[in-house]
Amino acid sequence: MELGVIGLGRMGRIVVDRSLAAGHDVVAFDLDAEATAAAAEAGATPADSVADLAERLATGGDGKRIWLMVPAGDAVDATLDELDPHLDAADVVVDGGNSHFRDSTRRAESTDAAYLDCGTSGGPASAEAGFSLMVGGPEWAYDELAPVFDAVATGPAGHDRMGGSGAGHYVKMVHNGVEYALMAAYGEGFELLHEGRYDLDLEAVARTWNNGAVIRSWLLELCEEAFREEGSDLGDVADRVEGGSTGTWTVQEALEQEVPLPLIYQALSERFGSRADDGRFSRRLSNRLRYGFGRHEVPRRDGE
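Numbers 73 to 376, taken from my numbering, label the letters of the sequence shown in order.
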């Protein structure tokens, strides 16, 4: 398959590299010319604009296949505006960012091409393992992109169509809310161990738990990594947890649907509270875990 990829940051580059490794042809573009050049060195065909990318996709009557991996919000709409003159009903556009599901539904209705909203989980670590992909939109378009999804995800089991337009980003929104609560739970448990009765090696605790214990998980592996690299006291990692948009959307949806989400709400509240003081070990671990799965910058405490 021939795939156009717009947006070559950490996640977009993984889409390019895994697609190329699976034998697909890729046309790549990013506003950063150096990112485009790096993708070209990896084997992609470089484009110098969104319009140029669209023109380089030889459809052969089967339509263009374009994957957007640009920041959620205005950047997606701006890219679609540039693509609009080059799209028709035979084309498929995938939005792999963290867009709000209502925005995805609106874009699906206003875009001439079939629009697939694709919730993407796994972070930069998925360069080797592959992403988990939650896809919403027309079934025929999902089936058409299945070979690329197989390549970008962990395989056929790593992606599925969740439902109609918006469903993919809706599921990813709730996924992120669950992630907030899990991070907070690990943080609180390790805070008690850190402040408790024994002088514990928290890296050893995390490693032991992750070998057969009920609470083993990738996030717990990242806890082990954090304690190995920062120490059991987390060194100078600050009590400040960034992010919060998808968790906020999850809580807002819960209020509209009258579904109680006390754990997710409290985790979101803790995240916001971390920006007002600097005292909780649990939030410091959540801060470091965001680096583990997403390579987000780690705020550090001043003077330490």
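Cβ atoms here follow ideal geometry from the backbone N, Cα and C, with glycine treated the same way. Predicted, not measured: the structure shown is a model, and the values here were computed from it.
Using the three-state DSSP reduction, which class does residue i fall into: helix, strand or coil?
i      : result
Glu73  : Here the sequence assigns Met to residue 73, which means Glu is not the residue at that position. Three-state result, Met73: coil.
Ile287 : coil
Gly15  : This structure does not reach residue 15, given that the chain is present from 73 up to 376, and the question cannot be answered.
Val323 : helix
Ala185 : coil
Asp160 : coil
Ser346 : coil
Gly208 : strand
Ser193 : strand
Val166 : strand
Leu335 : helix
Val366 : Per the sequence shown, the amino acid found at residue 366 is Gly instead of Val. Here Gly366 sits in helix by DSSP.
For residue i, which option in the options has the closest C-alpha, if you only look at C-alpha atoms?
i      : options                           : result
Gly169 : Glu302, Glu293, Met245 and Leu92  : Met245
Met255 : Ala126, Gly95, Ala239 and Tyr363  : Tyr363
Ala162 : Ala105, Trp212 and Ser171         : Trp212
Gly316 : Glu301, Arg367 and Tyr337         : Tyr337
Gly191 : Gly230, Ala105 and Glu200         : Gly230
Gly319 : Glu302, Arg312, Phe344 and Glu297 : Phe344
Ala339 : Pro371, Val277, Val250 and Phe365 : Val250
Glu263 : Ala109, Ser91, Arg356 and Gly95   : Arg356
Just grab the DSSP bridge partners of residue i for me.
i      : result
Arg372 : Val309
Phe353 : DSSP output for Phe353 lists no bridge partner at all.
Ala225 : Phe203
Ile78  : Phe101 and Leu140
Quiz prompt | Runs of beta strand (DSSP E) wholly within the region 90-148 (minimum 3 residues, chain order) | solution = You should have 97-101 and 137-140.
Meets three-Cβ-pair contact criterion under 8 angstroms: the region 73-88 and the region 98-106 | Counting Cβ pairs under 8 angstroms, three or more are found: they touch.
- Query: Between the region 137-147 and the region 111-118, do three or more beta carbon pairs fall short of 8 angstroms?
  - Reply: They do not touch, by the three-pair rule.
Check: If you scan the region 235-291 from start to end, which runs of the alpha helix (DSSP H) of 4 or more residues do you find wholly inside it?
Finding: Every alpha helix (DSSP H) stretch that sits fully inside the region 235-291 and reaches 4 residues is listed by chain position as 239-267 and 274-281.
Would you call the region 150-160 in contact with the region 180-192, where contact means no fewer than 3 C-beta pairs closer than 8 angstroms? The region 180-192 and the region 150-160 touch, with three or more beta-carbon pairs separated by less than 8 angstroms.
- Item | Cβ contact check for the region 269-276 and the region 231-244: 3 or more pairs under 8 angstroms | Segments in contact, no.
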